[in-house]
Structure formats: C-alpha cells, structure tokens
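Enquirer: Numbering (this note's numbering), first residue to last: 2 to 633. First the structure, which I've put down as structure tokens, then a few questions once you've had a look.
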Amino acid sequence: MRACTIDDLLGLESLSDPQCSPDGRRAAVVVTRADRKQDRDVTTIDVVDLASGERTALTQGPGDRSPRWSPDGRWLAFLRGADGPAQVWLLPLAGGEPHRLTELPLGATELAWSPDGTRLAVAAPELPDGAQPHDPVVVTRLVSKSDGAGRLGPMTVHAHLVDVDGGTTRLTEGELVVRDLSWAPDGSRLALVTATHDRRDLDAVTHVCTVPVTGGELTQVTRWSGSASSPVWALDGRSLVLVGRTDPLTSGHNHLLRVDAAGGVPQRIAPDLDRNVMVGGPGYPGARPQPTADGGVRFCVRHEGAVHLVEVDPAGTVTTLVGGDVTVSGAAAEPLVVLLADARSTADLHVVEPAGTRRVTTTNADFFAEVEIAVPRSRRFTAPDGVEVHGWLTGARGDGPQPLLLDVHGGPHNAWGPSFDRVHAYSQVLAAQGWAVLTLNIRGSDGYGEKHWTAAHGAWGVADADDLLSAVDALVEEGVADPARLAVTGYSYGGYMTCWLTTRTDRFAAAVPGGVVVDLVSFAGTSDMAGLLDPMEFGVTATTGPELLRELSPLTRVGDVRTPTLVIHGADDDRCPVGQAEQWFTALRTQGCEVELVLYPGASHLFVLSGRPSHRADWNRRVVEWVTTHTS
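Laid out in structure tokens, this is it:
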C-alpha cells in the first residue's frame, strides 16, 4: 500500500445523476473525469447493467450530462455543451449516433420527458430580442449576477416544449425564471418553480406553479410566503410533493411538503422528523424526492454528517432505507438504485433490495486497492457551555502528540461526513505524513436537528468558535495534538471562521482561509446573495444592523492577527467576492503579518469542486506546503 498524493485527485472518476431504464435492467450515469491536457473536467454518459455491473460508454463527451430515458426506452435524451450552450441531444438506443434536437441561443439547463414520450420539456435562458452580450447591464433588482455565470443582465428562463421530430415551442411568458420542471402523470400540465411578484428579489419567495401544455396562464399552486423547490407529482396526479420552507428569510431546515394540485397551503409530511431534506446540488449530496405507488415518498436527509435515504408511508411513519456512515448522492427508481459512498469508496451504484444494498459498480477500485486510506473516526466533544459537538478525526495513529489541522466546513449549514473526500485531498496527504485532521460539525451545522442548525443565528464566531477551540484543547490535553504544531483552514464560511479564529488566538502556527468573508457589511451588497444572507443568518441587514455586522466581521479585529496566513480565492468569485480576500491580505500585509494571496483566474466560488483540475490540485498542494512549512 502507498500513501495518497495530490495527483491522485486528478485520476479519480465520479458518478452522478443515476437514471433507471423503463425496463429496470439498466441505469444511465454521468461520469466525470479530469482531462489534464485540456485542464478541464470531461463528462460522459455510461449505461450500467444492474445485474452484471457491466459499464458501457454511451457518449464520448466532453460535456454530456442529464441523461433521461424516453418512457418507451427507445431514446436517451441528454444535454451536451462542453464548448458552448448546452443543447438537447437524442441517442437512439437500438443503435446509431446521437443527433442534436435544439438550437436554443443560450442553451438549456434541464429537461424532462412527457409521459407519452413524444416531446420534452426544457428550461432555457433567454435575453430580450436584440440584446447583445456586451450591452450595458441595467440593474433594477438585487439578483443581478450568479456565481459561475457572472452578470445576468435582463435574462429570463422559460419553459419550452421540444418535439422529438423537431420544433420548439415556448410555454411560459413574461419576466420569469423557471426551474424544476415536472410533468403531470396524464401529460396535461407541467409543474415548475418560479416567482412572479414584484418583491421576489427581496423576500426570496418562490412558488410551485402549473401551466397547461397546450398553452395558457400560469396557475399558482402554493398559497404561501415560502420558498419551494423540486416539485414532483404524486402518481395519482392529485397532489404535488415539494421541498421548502415557510419563511425563506429565516434560517432553518428544508421540509418535505405536500400540496393539492388544485392549489393550497403546503403541509408538512413527517412533521416529527427533525432533519433537513437534501435534494442534491454542488457540495450538498442528496436526491430529489420520489413518490411511491402506495402514496409514500422516498427522500434524503442528513444525519450526523451522513446522508441517508428514507421513506415515509401514508401514515407518516419514516423508515430508513439506506443508513449508516454513508453518503447518498443520487437515487432513481425502479428498481430503487442509489449512488453510495463510504470511507473506502467514492459514489458507486447500488441496488436497494429487501436484504440491503447490492453494489453494482466499483469506481476507482485500483486506487482504493493500492492506496492507504485514513478513515475518519467519530469523535464527540463537550463545549464550555455543555453542548455536545460531533465530528471526525482523521489520522492521529502515531505515538505521542502530532501536528493537527483544524478544518472548518462551509455553509455555514453544511457538514463534514464519514465518506471518502476527494475534494479535500490534503487531508489524506497530511494523514499519511503523520498529521491528525479534525473536522467538526459545530453549531450551525446540518444533521443534528433544527436547534443545532440555528444555534449560531446572529452569532457567527461566538458559540461556534468555542466549539472549535475547546475541541482542539481537548485533543491537546489527550496528548493527540501537539500545541506547538497547530494549523487551521477552511473554505467559504470555513474561510470566515479561519480568519475569525486568528483574531482571537495566536495558538495556530499557520492559517489557510479560502473563499473568505471578512467584512459582512460590504459582503451584504456585493455577493450574488445580496440582501438575502444577512436577514437569513443575522436577522438584520447592512441598513438595519450595521453595528452587529461590523461586530461579527473578522476585519474589525484584524489588528490582532499574528498568524502566518495563506489566502486562497477564485478571482471570479461572485458568492464571496474577491474584494473580501484582498481586504484581508492588504490589512495583514500593511501591519507586517506574514501573508500570501493566491488568486485563481476565471475561478468561481466553487472552483474547489468543479474548477480547473490544475487549480484544484494547486489549492490542495498549497495547503499541505503552507501548514507543514510553518509547523516544522
């Protein structure tokens, strides 16, 4: 067995978006690989025989995603768009080459087959007639940019119907941004999520609406002031299941809800389940809810860092279908299949059977056979005020105190889990070099109930900081961590917390904050979440509560920082704008603190997940080099 290296990061495949064939014998999956020569990720589509596990490449990429089987199994529709806007393509499964079905100017973002298999619904961005990409951007609403996409301008997103024989018809009109398309079982209507009211950029309220596929007005289904996502029709067509919250500007769990298809107030399903519903997304595993034939629903929840698949029956009883120290990052039916990862595997396709899960694929088998993997061990600590804090300790197998890296997750409502983490490869590299890596699900983290989720509301860097520091103290006292060789890192909210901790203590010999927020006042007006995050996380805005935002900003206490700091940031980050990193670097540099700033050209906030492979590897390598150099 050999030690893990940063270069291993670039050799791993990942599977996503499983879709079962109508006959239940196969599943299509998206396969992502790093192309080192082109310095980009390549996505292709494979089909997997669920009995034998045999994988067959259906497409060659380099930018294929969103595979969707036609109801009769004759076609596989997918999106292709490596070097331009993603268009809808059709692949004949009886044999032959795929052909392009759409010529949408800005491409498509999602697609869904009609029940009769004669057409697809797609969501497609649009600019007003005559608008050019380099026209002046006139901003009248808060949401004027999006991380990874940049300035949006007057862009709308509309639902279209695309015939398999050719021809595209726009189904919605007006200044809409629609998403999450779902066909009614009888094919007469399309459900979608959008917002039509004037204050939609200020209150974040979104609705499930329906529109007749023959054309006509939108009908608002959800009668509330909440936020909705991922609607899917019950199999009888009488109701819709969705995920959402009743108050989008108050931080809290996403709930599983049901609403009458004719309209009404969404009602919680399984109201006693104190866990956040996970629909899946970048950095946030899970899967879209699946109604069952008996009126139940399958869905994903986070539990103590793991992501489980559960089912609620019509009586409200919740049963765990896939649990334990695992991460579910996709699900499809029928049969019921999941993408499942654990401490010694990346996401692989499993069939869920009465006796348990049956593994179908063995992605990255050679890597796991030859590399010594440091498995995270569950640890629980008690904060100074008596609150239990759960987390994971990786490494720490040697005799005597070892160097310790404290790694803080983002969100703040994300969570560290027990599964193999190919994104933060530096953890495995450091563990192989004799380090211990501590990842904690402090107050504000997901997976421990809504009270824990909201425990840092309006108090970033207060109670949650003590959760971190007291756990480090405990490991020092146990003789696990060497107090002279402590380092801290984190990304996004973890970058905020890394900066904050270095304003409070000099105990860390090195700090590597990434994707940072250091000035909550300027952040409130420059992030692509402008106007939304502050009321959600602090209960104030930069106008109504600037004193609180300044009090909780690391920049306010930057004069106290003495820790050698490496700041990592995407140069095109619109979530945590690059000015945040520049402010921190400038302040530390001018006061004589050792500091470096590394900016990645063209990189968005999520470059650590899906940016250029060279950037991801460089970030990991720099973390290792900075913390080892400053603790030696």
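By construction, the Cβ of each residue, glycine as well, lies at the ideal position given by its N, Cα and C atoms.
For the beta strand (DSSP E) that contains P286, what are its first and last residues?
Expert: Here the beta strand (DSSP E) through P286 covers 285-287.
Enquirer: Helix, strand or coil, according to DSSP, for H453 in the structure here?
Expert: Helix, per DSSP.
Enquirer: Where DSSP assigns a beta bridge to P292, which residues make up the other side?
Expert: In the DSSP output, where bridge partners are listed per residue, P292 has V298.
Enquirer: Determine the extent of the beta strand (DSSP E) in which N442 is found, giving its start and end residues.
Expert: Run containing N442: 437-442, per the beta strand (DSSP E) assignment.
Enquirer: Report buried or exposed for A348, applying the criterion of at least 16 other Cβ atoms within 10 angstroms of its Cβ.
Expert: Its Cβ being crowded by 16 or more others within 10 Å, A348 is buried.
Enquirer: Let me check one thing: in DSSP terms, what residues is R269 bridge-paired to?
Expert: R269 pairs with L258.
Enquirer: Can you round the beta-carbon distance between A437 and A482 to whole angstroms, since I take them to be within the 8 Å contact cut?
Expert: About 6 Å separates the two Cβ atoms, so the contact holds.
Enquirer: What's the gap between the Cα of G401 and the Cα of E479?
Expert: C-alpha separation (whole angstroms): 10 Å.
Enquirer: Quick one: which unbroken beta strand (DSSP E) runs of 3-plus residues sit fully inside the segment 326-390? Chain order, please.
Expert: Listed in chain order, the complete beta strand (DSSP E) runs (minimum 3 residues) inside the segment 326-390 are 328-333, 338-343, 346-354, 357-360, 378-383.
Enquirer: Cβ atoms of A229 and L250: under 8 Å apart, would you say?
Expert: Not a contact, by the Cβ cut-off of 8 Å.
Enquirer: From the DSSP output, which residues share a beta bridge with S228?
Expert: DSSP, once it has assigned bridges, lists R246 as partnering S228.
Enquirer: Here's the rule: buried if 16 or more other CB atoms are within 10 angstroms of the residue's CB, otherwise exposed. What is P536?
Expert: P536 should be labelled buried.
Enquirer: At the level of alpha carbons, what is the spacing between G154 and A160?
Expert: Roughly 19 Å separates the two Cα atoms.
Enquirer: Let me confirm a value: E176 is counted as buried when at least 16 other C-beta atoms fall within 10 Å, else exposed. Which label applies?
Expert: Classification of E176: exposed, given that the 10 Å Cβ count is below 16.
Enquirer: So what's E478 in DSSP terms, helix, strand or just coil?
Expert: E478 falls in the helix class under three-state DSSP.
Enquirer: Terminal residues of the continuous alpha helix (DSSP H) containing L431?
Expert: L431 -> alpha helix (DSSP H) spans 426-433.
Enquirer: By a C-beta neighbour count over all protein chains shown, 10 Å radius and 16 as the cutoff for buried, is M530 buried or exposed?
Expert: M530 comes out buried.
Enquirer: Determine the DSSP secondary structure at W1, reduced to helix, strand or coil.
Expert: Residue 1 lies beyond the stretch modelled for the chain, which goes from 2 to 633, so this question has no answer here.
Enquirer: Using alpha carbons as the reference points, say which of L112, A125, G97 lies closest to P86.
Expert: The residue with the shortest Cα to Cα distance from P86 is A125.
Enquirer: Count the C-beta pairs between the segment 87-95 and the segment 137-155 that are closer than 8 Å, then say yes if the count reaches three, no if not.
Expert: No, they do not touch.
Enquirer: Put A113 into one of helix, strand or coil per three-state DSSP.
Expert: In the structure shown, A113 sits in a strand (DSSP, three-state: E or B).
Enquirer: What would DSSP say about A472, mapped onto helix, strand or coil?
Expert: Helix, per DSSP.
Enquirer: Short check: CB of P614 to CB of A196, under 8 Å?
Expert: For P614 and A196, no; Cβs fall outside 8 Å.
Enquirer: Could you pull out every residue in the same chain whose Cβ sits closer than 6 Å to the Cβ of V513, ignoring the five residues on either side in sequence?
Expert: Here the set comprises T490, L567, V624, W627.
Enquirer: If you run the structure through DSSP and keep just helix, strand and coil, what is M498?
Expert: M498 falls in the helix class under three-state DSSP.
Enquirer: What residue ranges within the segment 38-73 form continuous alpha helix (DSSP H) runs of no fewer than 4 residues, ordered along the chain?
Expert: For the segment 38-73, not a single whole alpha helix (DSSP H) run of length 4 or above is found.
Enquirer: What separation, rounded to the nearest whole angstrom, lies between the Cα atoms of T321 and A332?
Expert: Answer to the nearest angstrom: the Cα atoms are 14 Å apart.
Enquirer: Exposed or buried, what is G66 when buried is set at 16 or more other beta-carbons lying within 10 Å of its beta-carbon?
Expert: It should be pointed out that residue 66 corresponds to Arg in this sequence rather than to Gly. Counting Cβ neighbours within 10 Å, R66 comes out buried, since at least 16 surround it.
Enquirer: How far does the alpha helix (DSSP H) with S183 in it reach, from first residue to last?
Expert: It is not in any alpha helix (DSSP H) - S183 instead sits in the beta strand (DSSP E) that spans 180-184.
Enquirer: Could you give the C-beta distance for F608 and G571, rounded to a whole number, given that I count them as a contact under 8 Å?
Expert: Rounded, the Cβ-Cβ distance is 5 Å, consistent with contact.
Enquirer: Assuming W454 and Y497 make a contact with CB atoms under 8 Å, what is their CB distance in whole Å?
Expert: About 17 Å separates the two Cβ atoms, so there is no contact after all.
Enquirer: Return the Cβ separation of R259 and S240 in integer angstroms, given the expectation that the two are a contact with Cβ distance under 8 Å.
Expert: The Cβ separation is near 5 Å, so the contact holds.
Enquirer: Using beta-carbon positions only, say whether Q584 and L556 come within less than 8 Å of one another.
Expert: Yes.
Enquirer: Tell me whether the beta-carbon of T527 lies closer than 8 Å to the beta-carbon of G580.
Expert: The answer is yes: Cβ separation under 8 Å.
Enquirer: Once you ignore the five residues that flank A416 on each side, which residues in its own chain have a CB closer than 7 Å to its CB?
Expert: Contacts found: R303, G306, H410, N442, S446, D447, G448.
Enquirer: Taking the continuous alpha helix (DSSP H) assigned at A582, which residues delimit it?
Expert: It spans 579-591 - the alpha helix (DSSP H) in which A582 sits, taken as one unbroken run.
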